[in-house]
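Undergrad:
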Amino acid sequence: MPVSPFTSLFQGRRTLAQAAASSLLLGWPSSGPLPQVFGDGLKRSGTTSQGPAKACIVLFMWGGPAQQDTWDMKPAAPLEFRGQFQPISTAVPGLQICEHLPQLAARAEQLCVIRSMTHDDVNHTTAPHWLLTGRKSPGETSLPLDRDWPSIGAVLSQRGFGTGPLPPFVSMMPVVPNGAPRFVEQSHGQGGGWLGPVYNPLRIDEDASLPGYRVGQFSLQPELSSDRLQRRRSLNTALQTDSANPADTVAISEQYRRAFELLASPHVTAAFDLSQEDPATRDRYGMN
10 MPVSPFTSLF QGRRTLAQAA ASSLLLGWPS SGPLPQVFGD GLKRSGTTSQ
60 GPAKACIVLF MWGGPAQQDT WDMKPAAPLE FRGQFQPIST AVPGLQICEH
110 LPQLAARAEQ LCVIRSMTHD DVNHTTAPHW LLTGRKSPGE TSLPLDRDWP
160 SIGAVLSQRG FGTGPLPPFV SMMPVVPNGA PRFVEQSHGQ GGGWLGPVYN
210 PLRIDEDASL PGYRVGQFSL QPELSSDRLQ RRRSLNTALQ TDSANPADTV
260 AISEQYRRAF ELLASPHVTA AFDLSQEDPA TRDRYGMN
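Residue numbers are given in the numbering used here: position 227 of the sequence shown equals residue 236, and the series is strictly consecutive.
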């Protein structure tokens with residue numbers, strides 16, 4: 010029996026899906042209000058996991074420090090190849106990491122450091138495809154993003170992990186200072202790809218370092234009451250039902266459904282309310 014490309018893609022990530030269970034987040038702390046929302050969804054869906062994990066957090070560091078300055082110090086390599094910092098021992102015998110990561114070194118037993126992964130793509134917009142999908146980018150930089158292989162978060166979304174009110178795949182996009190080019194949005198491998206736009210992440214591009222940080226898109230406008238919102242939803246449903254080509258509006262309809270659920274849920278606003286976090290906790294993660 011032939012195996013589809015998507016089936017083979019997912020089989021290699023089954024363990025991740027079981028452990029992650031609910032969602033893929035880019036750059037959100039594991040403590041605080043947001044995981045509580047996902048935890049409620051897990052209880053409703055009956056999903057089991059290998060341990061206490063309720064969400065999978067991927068910290069993808071755009072322009073982050075090199076591996077020879079963090080996880081793979083290469084102390085025996087020539088000076089022109091190794092980094093300028095010194096290695097330190099960790100809680101795992103034989104594993105050394107950078108001297109500037111002492112807290113991670115103490116928690117090394119909870120880490121799985123992969124040093125064998127490599128690729129030959131040096132393009133900033135196509136190389137992420139390797140890292141976020143496990144496959145080479147199908148084309149050049151100018152290739153439409155819907156030709157990409159789906160990212161891990163899109164795979165979990167398609168397989169039904171996570172239940173409302175929040176989408177199962179949320180992407181916290183970085184704010185590039187000083188008007189720098191936003192190549193982040195143009196980079197490949199971070200969305201639904203050929204699975205379709207329904208499985209793209211909910212993107213949040215707010216500067217969390219500013220006082221009064223809030224994700225305004227999740228709040229109803231003062232002039233829009235809950236009753237009025239529901240009437241709009243009913244009208245939208247009727248219009249979609251009367252469409253001559255309903256198949257052409259599947260992705261749009263799904264986005265509308267998600268938007269209405271987000272606006273109607275008080276849990277969503279609380280999930281992104283950083284004022285509920287202890288300032289000391291925020292300082293540890295970084296005020297951004």
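Backbone N, C-alpha and C define an ideal beta-carbon position, used for all residues, glycine too.
Please return the same chain residues whose Cβ sits closer than 7 Å to the Cβ of R267, not counting the five positions on each side in sequence.
TA: Within the sequence shown, numbered from 1, the residue matching residue 267 stands at position 258. These residues qualify, in order along the chain: P176.
Undergrad: Identify, in the order they occur along the chain, each residue of the same chain with its Cβ nearer than 8 Å to the Cβ of R156, setting aside the five sequence neighbours on each side.
TA: To locate residue 156, count along the sequence shown from 1; it is residue 147. The answer, listed in chain order, is P147, G148, G202 and W203.
Undergrad: Hey, could you find the ends of the beta strand (DSSP E) Q105 is sitting in?
TA: For the purposes of this step, residue 105 is taken as the residue at position 96 of the sequence shown. Residues Q105 to C107.
Undergrad: Are the C-beta atoms of P275 and some chain D residue less than 8 Å apart?
TA: Annotation note: the requested chain D is absent from the structure, which comprises a single protein chain.
Undergrad: Which word fits I106, buried or exposed, when buried means at least 16 other C-beta atoms lie within 10 angstroms of its C-beta?
TA: As a working mapping, residue 106 is identified with position 97 in the sequence shown. I106 comes out buried.
Undergrad: Kindly indicate which residue of Y222, W139, V277 and R242 has the alpha-carbon position closest to the one of E263.
TA: By 1-based counting over the sequence shown, the position of residue 263 is 254. The shortest Cα separation from E263 among Y222, W139, V277 and R242 belongs to R242.
Undergrad: Assuming contact is defined by CB atoms lying nearer than 8 Å, are I97 and E108 in contact in what I supplied?
TA: Along the sequence shown, one-based indexing puts residue 97 at 88. Along the sequence shown, one-based indexing puts residue 108 at 99. Yes.
Undergrad: In terms of residue numbering, what span does the beta strand (DSSP E) encompassing F94 cover?
TA: Locating residue 94 in the sequence shown gives position 85, counting from the first residue. Neither: F94 is in no beta strand (DSSP E) and is coded neither H nor E.
Undergrad: Can you round the beta-carbon distance between S160 and Q199 to whole angstroms, since I take them to be within the 8 Å contact cut?
TA: What you label residue 160 is simply residue 151 of the sequence shown in a count that begins at 1. What you label residue 199 is simply residue 190 of the sequence shown in a count that begins at 1. S160 to Q199, Cβ: 5 Å. Contact.
Undergrad: Using 8 Å as the threshold, is the C-beta distance between M182 and V164 below it?
TA: The residue labelled residue 182 in the question sits at position 173 within the sequence shown. The residue labelled residue 164 in the question sits at position 155 within the sequence shown. Result no, Cβ atoms of M182 and V164 do not sit closer than 8 Å.
Undergrad: Taking C-beta to C-beta, are D216 and Y222 nearer than 8 Å?
TA: In the sequence shown, counting from the first residue as 1, residue 216 sits at position 207. In the sequence shown, counting from the first residue as 1, residue 222 sits at position 213. Yes, the pair counts as a contact, with Cβ atoms nearer than the cut-off.
Undergrad: Under a three-way DSSP split, which group does I213 fall into?
TA: In the sequence shown, counting from the first residue as 1, residue 213 sits at position 204. In the structure shown, I213 sits in a strand (DSSP, three-state: E or B).
Undergrad: When you compare the CB positions of R144 and W158, do they come within less than 8 Å of one another, or not?
TA: Here residue 144 refers to the residue found at position 135 when the sequence shown is read from its first residue. Here residue 158 refers to the residue found at position 149 when the sequence shown is read from its first residue. For R144 and W158, yes; Cβs fall inside 8 Å.
Undergrad: Using DSSP with H/G/I as helix, E/B as strand and the rest coil, what is I123?
TA: As a working note, residue 123 is residue 114 in the sequence shown. The answer is coil: DSSP assigns I123 none of H, G, I, E or B.
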